[in-house]
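Respectively, the protein sequence lines represent chains A and B. The letter at position 61 of the first sequence is residue 61 when you use the working numbering, and the numbering goes up by one with no holes. Position in the second sequence (from 1) plus 115 gives the number in the working numbering. This report refers to the structure that appears directly beneath it.
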Amino acid sequence: GAGVSQSPSNKVTEKGKDVELRCDPISGHTALYWYRQSLGQGLEFLIYFQGNSAPDKSGLPSDRFSAERTGGSVSTLTIQRTQQEDSAVYLCASSLQGAGNEKLFFGSGTQLSVL
Amino acid sequence: GNSVTQMEGPVTLSEEAFLTINCTYTATGYPSLFWYVQYPGEGLQLLLKATKADDKGSNKGFEATYRKETTSFHLEKGSVQVSDSAVYFCALSDRGSGTYKYIFGTGTRLKVLA
Chain A
1 GAGVSQSPSN KVTEKGKDVE LRCDPISGHT ALYWYRQSLG QGLEFLIYFQ GNSAPDKSGL
61 PSDRFSAERT GGSVSTLTIQ RTQQEDSAVY LCASSLQGAG NEKLFFGSGT QLSVL
Chain B
116 GNSVTQMEGP VTLSEEAFLT INCTYTATGY PSLFWYVQYP GEGLQLLLKA TKADDKGSNK
176 GFEATYRKET TSFHLEKGSV QVSDSAVYFC ALSDRGSGTY KYIFGTGTRL KVLA
């Protein structure tokens, strides 16, 4: 596609439910990143994929959070047993090779609201 | 670990005023440094970058110089416009185990008044 696509754009869920957030990166981009943007907190790194493997999962807040990437393309971030503090905008970004001087291309994000 | 510290906002300026948004970093090695911008209702996009000490990144009238001696990457613009109103994020690349991730600051909101 032309850019990084995220779905859904908005998700409202009840506390305790599981949610899946999807990211479709730019075709050919090998690196994929998930961030969380909370009001006043900036961008919090969650996880990074190089191809289908995740060499850095250090930002995942708890074991309720997991992510996978298949076919070197689409990635899914899953939050189990959602809590109100999980409410935030979840951003996905991709880059061509995962080198340290590259431009990140961001999606528009998924606004998650946990009631 | 590596980190980025930005000045807190919001920053409110009149049109044509001079802008400085401070950014300092803590890092081992020699990271690349970036400024991203998020306009209202839009996604984050790269504004400029610098990959080594003394490099100057520039775009759309904005500039930032990679200062290793002061570990800083301050964003400047000589004359801001209303259309520059946005949230600005400083970021660095963090190399660990041979791969990179990007660390962002908390963002600085800029409001430019006509």
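Cβ coordinates follow ideal geometry from the N, Cα and C atoms, glycine included.
- Between the region 51-69 of chain A and the region 122-140 of chain B there are fewer than three C-beta pairs closer than 8 angstroms, too few to call the two in contact.
- Put simply, the backbone Cα of K15 of chain A is about 6 angstroms away from that of L115 of chain A.
- Inter-residue distance for P61 of chain A and R182 of chain B is about 33 angstroms (C-alpha atoms, whole angstroms).
- Exposure of G116 of chain B is indicated by the presence of fewer than 16 other C-beta atoms within 10 angstroms of its C-beta.
- With 16 or more other Cβ atoms from the protein chains shown falling within 10 Å of its own Cβ, K192 of chain B counts as buried.
- Proximity of chain A to I218 of chain B at the Cβ level (cut-off 8 angstroms) is accounted for by F45, in chain order.
- Around the Cβ of T223 of chain B, a 10 Å sphere holds 16 or more other Cβ atoms; the residue is buried.
- Put simply, of B:N174, B:D170 and B:Q153 the residue whose alpha carbon is nearest the alpha carbon of E184 of chain B is B:D170.
- Short of 7 angstroms from the beta carbon of T127 of chain B, and not among the five residues preceding or following it, lie these beta carbons of its own chain, in chain order: K226 and L228.
- For T120 of chain B, the enclosing beta strand (DSSP E) covers residues S118 to Q121.
- Per DSSP, V74 of chain A is not a residue of any beta strand (DSSP E), being assigned neither H nor E.
- Collapsing the DSSP output to three states places V202 of chain B in a strand.
- L77 of chain A places its beta carbon 8 angstroms or farther from that of A88 of chain A.
- Judged by DSSP in its simplified three-state form, Q111 of chain A adopts strand.
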